[in-house]
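*Asks:* Take 1 as the starting number for the sequence shown in the working numbering and just add one per residue.
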Amino acid sequence: MKPQKLFYLFYQFPRSSDSNVSELNHLILKPYYLKYDKNDERFIMAAYSKPPDFECHACAPTFSFIEFKKLAEEGWILGRKHLGILTTGAWGEPPESIKVHILGNDTWGVFIEDSYTQMGQFTSMTSIYVDLAGAYHEVFSEVTYEDNSASGIEEGEPDYSSLKSDISIRPVPGAPFFDLVVTTNGIRGTQQISEEKIFKFDGQRYSSSDIN
Numbered sequence: 001m002k003p004q005k006l007f008y009l010f011y012q013f014p015r016s017s018d019s020n021v022s023e024l025n026h027l028i029l030k031p032y033y034l035k036y037d038k039n040d041e042r043f044i045m046a047a048y049s050k051p052p053d054f055e056c057h058a059c060a061p062t063f064s065f066i067e068f069k070k071l072a073e074e075g076w077i078l079g080r081k082h083l084g085i086l087t088t089g090a091w092g093e094p095p096e097s098i099k100v101h102i103l104g105n106d107t108w109g110v111f112i113e114d115s116y117t118q119m120g121q122f123t124s125m126t127s128i129y130v131d132l133a134g135a136y137h138e139v140f141s142e143v144t145y146e147d148n149s150a151s152g153i154e155e156g157e158p159d160y161s162s163l164k165s166d167i168s169i170r171p172v173p174g175a176p177f178f179d180l181v182v183t184t185n186g187i188r189g190t191q192q193i194s195e196e197k198i199f200k201f202d203g204q205r206y207s208s209s210d211i212n
């Protein structure tokens, strides 16, 4: 049976004694295919739940992530399930930026980019959430885009900023958590910026050090 069908069978029933759960709408966001090696294939099914008519600006749906593992030619089995572990979004809808990536030999992380604008300053923040000892925690959060050109500050002025960062994952053989490499390019003030940082997992969070 395909993971999508297994997910529907698993998720169509309330998972709590709370009577309000039955009033929620459960919707699949998308499946994420992860291949650890040729003998380890998984699907992570992302879904979100929300009440009917949940359409205000601050109305953020609640997310669940359910893992399915492939058993050779026998099909797929249910792996880890994380229900109602994360609330994010607006107007009752999930952010389009949600992604799931392999972060270690038996670890995957949920990547979310949140953007906001204030007084002509546009900023994007990327956060990563992972399962640590059965509970979801934010282990990384960094500004990955900033631009204040709409505020009237022009390029060449001391307070000008236009920077973009890209996050890549660097495998570390045998490590439960891989390294993150953040490459930043752009302009800060009057300086052209091109820098790279490596983030290593310290048991609780990713912490950084300059590598050039």
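Positions of the beta carbon are idealized from the N, C-alpha and C atoms, including for glycine.
Take every Cβ of the segment 84-102, pair it with every Cβ of the segment 42-49, and state whether three or more of those distances are shorter than 8 Å.
*Replies:* yes
*Asks:* Pair every Cβ in the segment 116-125 with every Cβ in the segment 56-68, then say whether three or more of these pairs are closer than 8 Å.
*Replies:* No contact exists between the segment 116-125 and the segment 56-68.
*Asks:* What does T88 pair with, by DSSP beta-bridge criteria?
*Replies:* The residue you call residue 88 lines up with position 88 of the sequence shown. Note: T88 sits in no beta bridge, so no partner.
*Asks:* Is the Cβ-Cβ distance between Y32 and L86 less than 8 Å?
*Replies:* Taking the first residue of the sequence shown as position 1, residue 32 is located at position 32. Taking the first residue of the sequence shown as position 1, residue 86 is located at position 86. No, Cβ-Cβ distance for Y32 and L86 is not below 8 Å.
*Asks:* Determine whether the beta carbon atoms of E113 and T144 lie at a separation below 8 Å.
*Replies:* Locating residue 113 in the sequence shown gives position 113, counting from the first residue. Locating residue 144 in the sequence shown gives position 144, counting from the first residue. The answer is yes: Cβ separation under 8 Å.
*Asks:* Using the DSSP secondary-structure output, state which residues sit across from D53 in a beta bridge.
*Replies:* As a working note, residue 53 is residue 53 in the sequence shown. Beta-bridge pairing links D53 to no other residue.
*Asks:* Once the 5 residues before and after S161 are set aside, which same chain residues still bring their CB inside 6 Å of it?
*Replies:* In the sequence shown, counting from the first residue as 1, residue 161 sits at position 161. These residues qualify, in order along the chain: E146, N148 and R188.
*Asks:* May I have the straight-line CA-CA distance separating D159 from G186, to the nearest angstrom?
*Replies:* Reading the sequence shown from its first residue, position 159 is the one you call residue 159. Reading the sequence shown from its first residue, position 186 is the one you call residue 186. Approximately 14 Å between the Cα atoms of the pair.
*Asks:* Can you tell me whether DSSP reads S97 as helix, strand or coil?
*Replies:* Position 97 of the sequence shown holds residue 97. Three-state DSSP puts S97 in coil, outside helix and strand.
*Asks:* Considering Cα atoms alone, identify which of A175, I153, G84 and I77 is closest to I102.
*Replies:* As a first step, residue 102 must be located in the sequence shown, where it is residue number 102. Among A175, I153, G84 and I77, the Cα nearest to that of I102 is on A175.
*Asks:* Can you give, in chain order, each stretch of the beta strand (DSSP E) that sits fully within the segment 160-190 and has at least 3 residues?
*Replies:* 161-170 and 179-188
*Asks:* State the start and end residues of the unbroken beta strand (DSSP E) segment that holds M119.
*Replies:* For this step, residue 119 is matched to residue 119 along the sequence shown. For M119, no beta strand (DSSP E) run applies, since DSSP gives it neither H nor E.
*Asks:* Using C-beta distances below 7 Å, list every residue in its chain close to S97, excluding the 5 sequence neighbours before and after it, in chain order.
*Replies:* Here residue 97 corresponds to residue number 97 of the sequence shown, with the count starting at 1. I112 and E113.
*Asks:* Compare the C-alpha of S207 against each of Y116, D179, E195 and T184 and name the closest.
*Replies:* Start at 1 with the first residue of the sequence shown, and residue 207 comes out as number 207. Nearest of Y116, D179, E195 and T184 to S207, Cα basis: D179.
*Asks:* From the DSSP secondary-structure annotation, give me the bridge partner or partners of Y206.
*Replies:* As a position in the sequence shown, residue 206 is number 206, starting the count at 1. Y206 is bridged to F201.
*Asks:* Hey, would you say K70 sits closer than 8 Å to G79, going by beta carbons?
*Replies:* Residue 70 sits at position 70 when you count from the first residue of the sequence shown. Residue 79 sits at position 79 when you count from the first residue of the sequence shown. Cβ distance not < 8 Å, so K70 and G79 don't count as in contact.
*Asks:* Could you tell me the alpha carbon to alpha carbon distance between K35 and A60, rounded to whole angstroms?
*Replies:* Here residue 35 is taken as the residue at index 35 of the sequence shown, counted from 1. Here residue 60 is taken as the residue at index 60 of the sequence shown, counted from 1. Roughly 30 Å separates the two Cα atoms.
*Asks:* Taking C-alpha atoms, which residue in R205, G152, D37 and K30 lies nearest to V100?
*Replies:* To locate residue 100, count along the sequence shown from 1; it is residue 100. Of the listed residues, the one whose Cα sits closest to V100 is K30.
*Asks:* Out of curiosity, what's the CA-to-CA distance linking D37 and F65?
*Replies:* For the purposes of this step, residue 37 is taken as the residue at position 37 of the sequence shown. For the purposes of this step, residue 65 is taken as the residue at position 65 of the sequence shown. If you take the alpha carbons of D37 and F65, they lie about 21 Å apart.
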